[in-house]
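Sequence lines, in order, name chains A and B. Sequential numbering of the first sequence, starting at 97, is according to our numbering. Sequential numbering of the second sequence, starting at 97, is according to our numbering. We put the CB at the ideal spot given by N, CA and C, even for glycine. A quick note: this is a predicted structure, and the numbers were derived from the prediction, not measured. Notes follow once the structure below has been shown.
Number of protein chains: 2
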Amino acid sequence: MDNPSASSHLRRPDGGSVRVLVVDDEPDLTDVLSGALRYEGWEVRTAADGAGALALARDFRPDAVVLDWMLPDTDGLALLRGIRAELERVCVLFLTARDAVEDRIAGITAGGDDYVTKPFSLEEVLARLRGLLRRAGMARDAGENRLVVGDLVMDEDAREVSRAGTAIDLSRTEFELLRYLMRNPRRVLSKARILDHVWSYDFGGRAHVVELYISYLRKKVDAGRVPLIHTVRGVGYVLKPEAP
Amino acid sequence: MDNPSASSHLRRPDGGSVRVLVVDDEPDLTDVLSGALRYEGWEVRTAADGAGALALARDFRPDAVVLDWMLPDTDGLALLRGIRAELERVCVLFLTARDAVEDRIAGITAGGDDYVTKPFSLEEVLARLRGLLRRAGMARDAGENRLVVGDLVMDEDAREVSRAGTAIDLSRTEFELLRYLMRNPRRVLSKARILDHVWSYDFGGRAHVVELYISYLRKKVDAGRVPLIHTVRGVGYVLKPEAP
DNA sequence: GCAACCTTTGAAAACTCTCTCAACGACGGG
DNA sequence: CCCGTCGTTGAGAGAGTTTTCAAAGGTTGC
Chain A
97 MDNPSASSHL RRPDGGSVRV LVVDDEPDLT DVLSGALRYE GWEVRTAADG AGALALARDF
157 RPDAVVLDWM LPDTDGLALL RGIRAELERV CVLFLTARDA VEDRIAGITA GGDDYVTKPF
217 SLEEVLARLR GLLRRAGMAR DAGENRLVVG DLVMDEDARE VSRAGTAIDL SRTEFELLRY
277 LMRNPRRVLS KARILDHVWS YDFGGRAHVV ELYISYLRKK VDAGRVPLIH TVRGVGYVLK
337 PEAP
Chain B
97 MDNPSASSHL RRPDGGSVRV LVVDDEPDLT DVLSGALRYE GWEVRTAADG AGALALARDF
157 RPDAVVLDWM LPDTDGLALL RGIRAELERV CVLFLTARDA VEDRIAGITA GGDDYVTKPF
217 SLEEVLARLR GLLRRAGMAR DAGENRLVVG DLVMDEDARE VSRAGTAIDL SRTEFELLRY
277 LMRNPRRVLS KARILDHVWS YDFGGRAHVV ELYISYLRKK VDAGRVPLIH TVRGVGYVLK
337 PEAP
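Following this line, the structure appears as structure tokens:
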């Protein structure tokens, strides 16, 4: 139930939908990813192996590719080369295992591509992908990446947050939770939904962590001020300025 | 009966009726659900198992599916994938047991999909389904989800209610009762009908709670103002502005 | 390797909401 | 006008939800 309009300003220069190709051999993962990407308003195709990926690169001609670096029986580097041969200007977001050969990835991402390590959260992938597309000129407003709710401001690239001019220091999880809230202002979000978006897809725990992190955010963001974070008992949480 | 016109603005882009597939093995439940959905003006088919669901996904091509997660002899996840293979853009509303939330299916709410836990109320299912369809582009007005009766305004997504500009704080049940009344303005609703729609289907209590919650709503919504909530003695209640 | 910080879990306290009971009041038929 | 029925409201018990507190385990950086 997120707000698709929040990112609808990301469109191709010709006005059509942004096209994304997801390449991964785990169906559970491609299901969730492609669902979320479609919900962002993007057109999505999926491939489970290198051959399928190359075929879709040629026929679907995506603007971005989400590519699992560790596909079975496929050399990631060769596949990347093949995709690039077909699509010169495509953005690539790599999905890698945490202990993967980081130096090879580092060299590849030097060209403007990016990567996230498994297990990742949905918002992490979405944020990176939005960043890539924005920098590749897919944004209508080429300005900086700022989120604003009331007097609360977030600079996603700098990972800086401030309220009424005062800087706020947040941990990684706090930042991602607040980003998700700020991307969906004035919309009540259930704990299950927050968990699905902000925590890793393999997180086994329960919604209690959400409550806890909401309390952390409150101490840092709302501390002594007019609250922006509101509890909707039995439903979830909502971020909104007091006066509409 | 309820007011179908209240949601008749939900139509497919081609102007036809929205199509919904209900999949559940309990006939009592499918009967009630499909009745309510038909009354919303939607076209409905039902299936009792995975095979039937897949067949109807192919032949009926619904816009949305209401899917019991705990079908006997059927893997919910596999069924979901099968349906998605057939219908890429379908919205899915899952029905799950309350204690199944523990082993929740991560990522179910990642895309546009949603779920409600049993036992649920009819209005809960209808509201979620309307929300899914609206966000999937099935609404003629893509604007926000607002209900207006006189100077009373409800924003369903933010769960905000205000009268003449003044915000009103409502509990969950109060909110659901008021939403039902606002979806059926100028129509006398019996207590039994309200109970059937707003309270869970397994609620054992009596219609007295309706009277009680009406009195709560009056204190908050009508307090000192021209009343919108009216008693029709021996029949039920009706929400309407004073002047016709 | 150590220290600091972050994340998660568990348990208990605090709180809100829901519902039942019961008394009171209002309406309408006779 | 009186009485019975229906509707309204107050009080309180109980259940469920949220918040807080404390501590363990893990990670990161020095």
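Boundaries of the beta strand (DSSP E) in which residue i is found, first to last residue
i	result
S258(A)	E256 to R259
E342(B)	With chain B covering only 97 through 340, there is no way to say anything about residue 342(B).
T205(B)	Note, T205(B): premise wrong, no beta strand (DSSP E); not H, not E.
V331(A)	That residue, V331(A), is in no beta strand (DSSP E); it is neither H nor E in DSSP.
Y119(A)	Looking at the sequence provided, one finds Val at residue 119(A) rather than Tyr. Taken as a continuous stretch (DSSP letters only), the beta strand (DSSP E) holding V119(A) covers R115 to V119.
Contact set for residue i: own chain, Cβ-Cβ below 6 Å, skip 5 residues either direction
i	result
V118(A)	T126, L129, S130, T142 and V162
V249(A)	S258
R282(A)	K336
G178(B)	L150
L152(A)	L117, R141 and A143
E220(B)	V212
D120(A)	T126 and D164
L167(A)	D121
H326(B)	V334
Spatial neighbours of residue i in its chain, beta-carbon cut-off 8 Å, leaving aside the 5 residues before and after
i	result
S217(A)	E272, H293, V294, W295, S296 and Y297
E307(A)	K287
D169(B)	D145 and G146
R154(B)	E182
R180(A)	V186
L176(B)	L163 and V188
L291(B)	F299, A303, V305 and V306
Inter-residue CB distance, residue i and residue j (contact presumed, cutoff 8 Å)
i	j	result
L324(A)	V331(A)	With a Cβ gap of about 17 Å, L324(A) and V331(A) do not count as contacting.
G261(A)	N241(A)	That belief does not hold up - the Cβ atoms of G261(A) and N241(A) are roughly 19 Å apart, past 8 Å.
L243(B)	E256(B)	That belief does not hold up - the Cβ atoms of L243(B) and E256(B) are roughly 11 Å apart, past 8 Å.
V186(A)	D159(A)	7 Å
L229(B)	L106(B)	6 Å
Y309(B)	T269(B)	6 Å
R194(A)	R157(A)	Not a contact, Cβ separation roughly 32 Å.
L274(B)	L313(B)	6 Å
R108(A)	M278(A)	Not confirmed; about 25 Å, so no contact.
Neighbourhood of residue i by C-beta distance below 7 Å, restricted to the same chain and skipping five residues each side
i	result
A132(B)	L218 and L222
D247(B)	R259 and A260
R231(B)	G208
G112(B)	none
Buried or exposed (CB count within 10 angstroms, at least 16 for buried), residue i
i	result
F299(B)	exposed
V254(A)	According to the sequence provided, residue 254(A) is Ala. The question's Val does not apply to it. With fewer than 16 other Cβ atoms within 10 Å, it is exposed.
D210(B)	buried
V188(A)	buried
A202(B)	buried
R134(A)	buried
G172(A)	buried
R338(B)	In the sequence on display, residue 338(B) carries Glu and not Arg. Its Cβ having fewer than 16 others within 10 Å, E338(B) is exposed.
V284(A)	buried
D265(B)	exposed
R329(A)	exposed
E122(B)	exposed
R321(B)	exposed
A174(B)	exposed
A263(A)	exposed
A206(B)	buried
D110(B)	exposed
Unbroken alpha helix (DSSP H) run spanning residue i, endpoints
i	result
G131(A)	P123 to Y135
V305(B)	H304 to L313
(message) Going residue by residue through the region 207-287 of chain A, where are the continuous alpha helix (DSSP H) segments of at least 4 residues, counting only ones entirely within it?
(response) 218-229 and 268-279
(request) Return the chain-ordered ranges of every alpha helix (DSSP H) run that is complete within the region 141-167 of chain A and spans a minimum of 4 residues. (result) 146-155
(message) What ranges does the alpha helix (DSSP H) occupy inside the region 168-192 of chain A, keeping only unbroken runs of at least 4 residues that lie completely in it?
(response) 172-182
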